[in-house]
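K.L.:
Below is a structure I'd like to ask you about.
2 protein chains.
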Amino acid sequence: MFKDVLRELVERTDGAIASLLMGFDGITVDSYTRDPSALNVETVGSEYSVVLGQIKQAATMLDLGTMQEVAVRAENMTTVIRLLNDEYFVAMALTPSGSLGRARYLLRVQAQKLLDRLS
Amino acid sequence: MFKDVLRELVERTDGAIASLLMGFDGITVDSYTRDPSALNVETVGSEYSVVLGQIKQAATMLDLGTMQEVAVRAENMTTVIRLLNDEYFVAMALTPSGSLGRARYLLRVQAQKLLDRLS
Chain R
99 MFKDVLRELV ERTDGAIASL LMGFDGITVD SYTRDPSALN VETVGSEYSV
149 VLGQIKQAAT MLDLGTMQEV AVRAENMTTV IRLLNDEYFV AMALTPSGSL
199 GRARYLLRVQ AQKLLDRLS
Chain U
99 MFKDVLRELV ERTDGAIASL LMGFDGITVD SYTRDPSALN VETVGSEYSV
149 VLGQIKQAAT MLDLGTMQEV AVRAENMTTV IRLLNDEYFV AMALTPSGSL
199 GRARYLLRVQ AQKLLDRLS
């Protein structure tokens, strides 16, 4: 139901490793990994889900409006997270040289499709 | 000592509102705001400093290597944060239509200058 979108995100982005649809409770709805041995994408997602909740709280407190996207670049991996609604987010993991701009663009255009299927 | 770099970051980026050099303890080293009435950049920075600490912890736990950069897009503001070392980060606040790519580029090229002056 979600796998085709999650696969497309990864296959159409240079340097993408995995994609993930997850609830803010850290429970995976679905995921797709290019190389399953490379990364436990669900572990990464559930760690980040906690932090995302806190960023959301900070943004609300600061009156910055609805949170839309978070990108984290670390030495070994870039993560881009697109918030779908108050319950779910979709995320992509990329190699450090992966195309962050492309990932952000595809997440944005595919977000509505995922939202429609979630409801 | 830092103001010239912080001013340059803002003035050379379309849609930039403010820049900030801060410790992870939430204490401001220096800041520059294009329109001081628009935003309390130190309040935003100190809220985000808490979250940043948690993202750093998550990245370490997940073995993703050193955290380098975090970008948060909210409805009313985009924030780009570049980590300088274990103690300090530099951040920029932009309008939603501001140039995120430009901000990221300038933060990256100016990071070493700030680091040199901090030591």
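As they're listed, the protein sequences go chains R and U. Taking the working numbering, the leading residue of the first sequence gets 99, the next gets one more, and so forth. Taking the working numbering, the leading residue of the second sequence gets 99, the next gets one more, and so forth. Ideal Cβ positions, reconstructed from N, Cα and C, are used throughout, including at glycine.
Identify the residues that DSSP records as bridge partners of Met190 (chain U): which are they?
P.N.:
U:Ser117 and U:Val178
K.L.:
Check the C-beta distance from Arg202 (chain R) over to Val178 (chain R) and give it rounded, since I have them as a contact under 8 Å.
P.N.:
6 Å
K.L.:
Which residue's Cα is closest to the Cα of Thr193 (chain R): R:Asp133, R:Ala156 and R:Val103?
P.N.:
R:Asp133
K.L.:
Could you run through the region 135-160 of chain U and flag, in chain order, every residue whose CB is less than 8 Å away from some CB of chain C?
P.N.:
Within the model displayed, chain C is absent; protein chains R and U are what it includes.
K.L.:
Please classify Thr158 (chain R): is it buried, with 16 or more other beta-carbons within 10 angstroms of its beta-carbon, or exposed?
P.N.:
exposed
K.L.:
For a cutoff of 9 Å on Cβ pairs, would you count Ile163 (chain U) as touching chain R?
P.N.:
The displayed chain sequence assigns Gly, not Ile, to residue 163 (chain U). Closer than 9 Å: yes.
K.L.:
Do Ala191 (chain U) and Met165 (chain U) come within 9 Å of each other at the CB atom, strictly closer than that value?
P.N.:
no
K.L.:
Can the beta-carbon of Glu185 (chain U) be found closer than 9 Å to that of Arg171 (chain R)?
P.N.:
no
K.L.:
With burial defined as no fewer than 16 other Cβ atoms inside 10 Å of the residue's Cβ, what is the status of Ser195 (chain U): buried or exposed?
P.N.:
Exposed.
K.L.:
Does DSSP put Thr111 (chain R) in a helix, a strand or coil?
P.N.:
Thr111 (chain R) falls in the coil class under three-state DSSP.
K.L.:
How would you write the range of the alpha helix (DSSP H) that Thr141 (chain R) sits in, first residue to last?
P.N.:
Val139 to Met159
K.L.:
Glu167 (chain U) by DSSP, collapsed to three states: which one?
P.N.:
strand
K.L.:
Taking the straight line between their C-alpha atoms, what separation do you get for Gly124 (chain R) and Leu182 (chain R)?
P.N.:
14 Å
K.L.:
Pop quiz: Thr111 (chain U) and Arg200 (chain U) are said to be a contact at Cβ under 8 Å. What is the actual Cβ separation, rounded to whole angstroms?
P.N.:
5 Å
K.L.:
How do the region 145-153 of chain U and the region 140-159 of chain R stand: do at least 3 beta-carbon pairs fall below 8 Å, yes or no?
P.N.:
The region 145-153 of chain U vs the region 140-159 of chain R: in contact.
K.L.:
Using a Cβ-Cβ cut-off of less than 7 Å, list which residues of the region 167-199 of chain U approach chain R; keep chain order.
P.N.:
Glu167, Val168, Ala169, Val170, Arg171, Ala172, Glu173, Asn174 and Met175
K.L.:
Kindly identify the DSSP beta-bridge partner or partners of Asp128 (chain R).
P.N.:
R:Leu119
K.L.:
Just to confirm the assignment, what range does the alpha helix (DSSP H) spanning Ala201 (chain R) have?
P.N.:
Start and end: Leu198 to Leu216.
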